Amino acid sequence: MERVTSPTPALQKRFAIALEAHLAQGGEAALLEAYELGRTVLTEHLGVLGVATLLQGALVAACERRPRETARTVQAAGSFVLECLCSFEMAHRAVREANTALRGLNQFLEEQTRRISHELHDEAGQLLASVYLALDDVARDLPPTAAARLQSVKTLLDRIEEELRRLSHDLRPTILDDLGLMAALDVLAERVSVRTGLWVKVEGQREERLSPAIETVLYRIVQEALNNVSKHAQASGVTVVLRREARRVCCSVRDDGVGFDPGTARPTATGIGLIGIRERLAPLGGALSIDAAPGRGTELRVAIPLPTTH
């Protein structure tokens with residue numbers, strides 16, 4: 020989580036002076052100072068609560084100097100307050116627009132990935148089937164010794180076909196679209212176990228489907244988490260738990276590996292890919308948390324709010 024600082028006395032004094040100038044003189048210069056103060060607060064990571072604290076302190080001081088004009092003082096400070104908060108409104112809009120653009124980009128990339136995956140599975144598979152038939156025709160016209168040599172070619176083709184299936188599944192498993200997230204996670208767990216030797220267990224409700232966007236994001240997060248566990252955690256087992264609640268869906272990936280100290284480790288050093296996971300969660304309003312310690316493994320938890328139904 021990003022560090023949030025507290026208002027300093029110097030900044031509190033600047034707010035009090037600026038508000039007093041606005042109340043005494045008004046004009047664009049005072050409002051411009053209010054806007055700049057809002058930008059300063061935003062830059063120093065104080066947040067809305069920080070600027071509210073500063074505004075409250077400045078307003079209290081102004082009212083104490085005008086004990087008989089409290090209502091008029093509060094009313095006159097309205098435009099000053101709005102200018103201070105203007106930077107936060109602009110930042111909020113920018114984040115909302117960025118999330119909208121990111122959601123669209125993720126959807127586009129998933130569509131392209133789905134198309135490539137299906138073409139690998141269907142088109143390449145049909146071409147390989149044609150090659151098999153052509154080799155059988157050639158083998159009938161060859162002496163037994165030469166026909167036997169074609170068998171080694173078929174063996175290579177078998178390996179190519181298996182690799183194409185693996186690539187197709189890694190890009191976009193068709194089972195995710197056809198049977199849903201839990202079925203896709205079962206297959207993913209089995210493939211990871213075969214490839215890495217990890218014991219992977221998947222738990223969760225299997226009756227109800229989630230929206231395609233949420234299922235895709237959760238699948239990608241689990242896929243990335245398992246990949247990083249196999250590379251960095253030195254674990255023997257992983258448990259994936261999917262739980263649907265009234266207003267959100269939660270997913271956790273816990274390993275029994277070496278763990279790490281979240282307070283000192285850099286995100287790139289942990290091998291968890293936190294940046295990529297957060298980027299996938301952001302358009303859906305999801306949240307990420309990590310529970311880890313040296314010697315007791317790591318648990319990655321994500322929560323995504325579910326759309327309300329009317």
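First residue of the sequence shown? That's 20 in this note's numbering, and the numbers climb one at a time after it.
The beta carbon of each residue, even a glycine, is placed where N, CA and C say it ideally should be.
Quick caveat, the model's predicted, so the values are computed rather than measured.
Reference residue i; option with closest CA among the options
{"i": "F34", "options": "T59, L146, A95, T193", "result": "T59"}
{"i": "E318", "options": "F279, I294, R273, A306", "result": "R273"}
{"i": "T27", "options": "I194, G69, I36, R239", "result": "G69"}
{"i": "Y151", "options": "I179, R267, T92", "result": "I179"}
{"i": "S187", "options": "W218, Q170, L161, A143", "result": "A143"}
{"i": "Q224", "options": "E209, G199, G76, R91", "result": "G199"}
{"i": "E226", "options": "R115, V172, R262, R168", "result": "R262"}
Own chain, CB closer than 6 Å to residue i, minus 5 neighbours either side, in chain order
{"i": "T132", "result": "L190, R191"}
{"i": "A244", "result": "V272, L319"}
{"i": "F99", "result": "L38, H41, A53"}
{"i": "A29", "result": "none"}
{"i": "G15", "result": "A query on residue 15 cannot be resolved here, the shown segment of the chain reaching from 20 to 329 and no further."}
{"i": "A166", "result": "A158"}
Beta-carbon contacts of residue i that lie in its chain and below 8 Å, excluding the five residues immediately before and after
{"i": "L303", "result": "R122, A232, I233, V236, I323, P324"}
{"i": "D280", "result": "A311, A312, P313"}
{"i": "T287", "result": "Its pLDDT being 48, under 50, T287 is placed unreliably by the model, and nothing is read from it."}
{"i": "G57", "result": "V70, E102, C103, L104, C105, S106, F107"}
Rounded separation between residue i and residue j - CA only
{"i": "A95", "j": "A49", "result": "12 Å"}
{"i": "H111", "j": "K220", "result": "40 Å"}
{"i": "L204", "j": "E129", "result": "17 Å"}
{"i": "R84", "j": "L78", "result": "10 Å"}
{"i": "T289", "j": "R184", "result": "Confidence in T289 is poor, its pLDDT being 46 and thus under 50, which makes the residue's placement too unreliable to answer from."}
Residue i classed as buried or exposed, judged by whether at least 16 other C-beta atoms fall within 10 angstroms
{"i": "G45", "result": "exposed"}
{"i": "G38", "result": "It is worth fixing the name first, because residue 38 is Leu in this sequence and not Gly. Answer is buried; the Cβ neighbour count reaches 16."}
{"i": "M201", "result": "buried"}
{"i": "I296", "result": "buried"}
{"i": "S230", "result": "exposed"}
{"i": "E138", "result": "exposed"}
{"i": "A43", "result": "exposed"}
{"i": "A81", "result": "buried"}
{"i": "G216", "result": "exposed"}
{"i": "V259", "result": "buried"}
{"i": "A148", "result": "exposed"}
Residues of its chain near residue i, where Cβ-Cβ distance is below 7 Å and the 5 sequence neighbours each way are ignored
{"i": "A301", "result": "N118, L121"}
{"i": "T72", "result": "P26"}
Any non-hydrogen atom of the ligand GDP within 8 Å of residue i CB
{"i": "R315", "result": "The model depicted lacks the ligand GDP and carries no ligand whatsoever."}
Problem set entry | Residue ranges of each alpha helix (DSSP H) within the region 207 to 287, 4 or longer | Counting only runs of 4 or more, we get 231 to 247.
Exercise. In chain order, which continuous runs of the alpha helix (DSSP H) of length 4 or greater are located wholly inside the region 23 to 86?
Worked result: Fully enclosed alpha helix (DSSP H) runs of 4 or longer: 28 to 43, 47 to 62, 66 to 84.
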